[in-house]
Amino acid sequence: MNNTCIVYLASRLDDYNSILSTGESRFDMTCLSLKNVTTHLKLPVIMFHEDFTEKETTIMKNIYEDITFEKIDFIRPDLPFNQKSCITSGISDGTCTCINENIKNPRDVCFRPKGYLMMCRFFSGQMQKHTSLEKYDRYIRFDDDSFLIEPFKIQEEFLTNFNSFDYGYRSVFIERQDQKSLWEFTKKFCIKLCLKQKKSFSRFINYLTQQRFISNGNYTGLCPYNNFHCCKLSLWKNPAIKEYIDEIESKHGCLLLGWMDANIHAMIIFVLAPLLELNIGSITDFGYRHNRHFSFLNNQHIQYRENEDFFPKN
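To get my numbering, take the position in the sequence shown, counting from 1, and add 24.
Spelled out as structure tokens, the structure:
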């Protein structure tokens, strides 16, 4: 079996960010992303959503026929949630006042709301075991503000390149929000894993330092820019990774501790995967943008272009 699907997670239609800061509709942007991606990749699409009606699904089916819709629940009052305090006000009412302190993108350094952290939880093991993916052996994730741009790759070459990896990504970035507790948890998990495998953890720490994943023993925030990635579902079924994800879920790491999906993916592909001898890599010879963040060609880095439109209109 060598089946690949594309997965999207659509934003709520009535969410606080359903209208972009530019005044444009996020749903319209999602439709343009779907049209863009499926122009180049003729693969089955699974669109996860919270509140689409027949109107929205019909619009999307008119764009691309090979699409299915899966309704999910991100409200989940049964799950515990801890709203982190604003670093400026010290108040945990979900309001951030950092913008008044001239901090750019305040939530990037302060906190994330429940909906965002539910998304992080979803892409950190929940989505990968969803029944709609059972007939596939790998998935490609795109966000509703993800677009393929020139130079394009033909589908066969695109898939062949990424099929060589258990987890393939396009770009990396540095997460500025504190994820120290996630690193400490991962470090303890890896100490146990190294003992089982009779490997030297101190030598492995040296390796992570050389890779600039840690500095002076502290996590640098290095992450895959995982709004686009291509991954074998078998990676998430690896016994050690499954145990790691199960422990995160038992701690409610995303909702109670603010652990985010890009950082969890980073721990898996940059820390666990080398110990488990999984094949991880990046491919950078195609164009990609995520809202105003553009990936450099033949380079893992990204650049924010403030003067660009939030998304391409054609």
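The C-beta atom is built at its ideal place from N, Cα and C for all residues, glycine as well.
- In this structure Leu257 touches Asp161 by the C-beta definition: roughly 6 Å separates them, less than 8 Å.
- One Cα belongs to Pro298, the other to Asp202, and the distance between them is close to 24 Å.
- If you draw a straight line from the Cα of Arg313 to the Cα of Ser170, it comes to about 6 Å.
- Residue Leu246 holds the alpha-carbon nearest to the alpha-carbon of Ile326 among Asn338, Leu246, Leu217 and Trp260.
- Within the same chain, and ignoring the five residues on either side of Ser148 in sequence, the residues whose Cβ sits closer than 6 Å to its Cβ are Asp285 and Ile288.
- The alpha-carbon of Gln179 is positioned some 12 Å away from that of Asn187.
- In this model, Ser116 and Ser57 are separated by some 35 Å (Cα to Cα).
- No Cβ-Cβ contact shorter than 7 Å links Lys138 with Phe182.
- Taking C-beta atoms as the reference points, Met53 and Phe335 count as a pair closer than 7 Å.
- By the Cβ neighbour-count rule, Asp190 is buried, with 16 or more other Cβ atoms within 10 Å of its own.
- Counting only residues of its own chain and dropping the five nearest sequence neighbours on each side, Asn27 has a CB closer than 7 Å to the CB of Lys159, Tyr160 and Asp161.
- Counting only the Cα atoms, Lys108 lies some 28 Å from Arg165.
- The residues Thr308 and Asp309, in chain order, have a CB closer than 8 Å to that of Asn322 in the same chain once the five nearest residues on each side in sequence are set aside.
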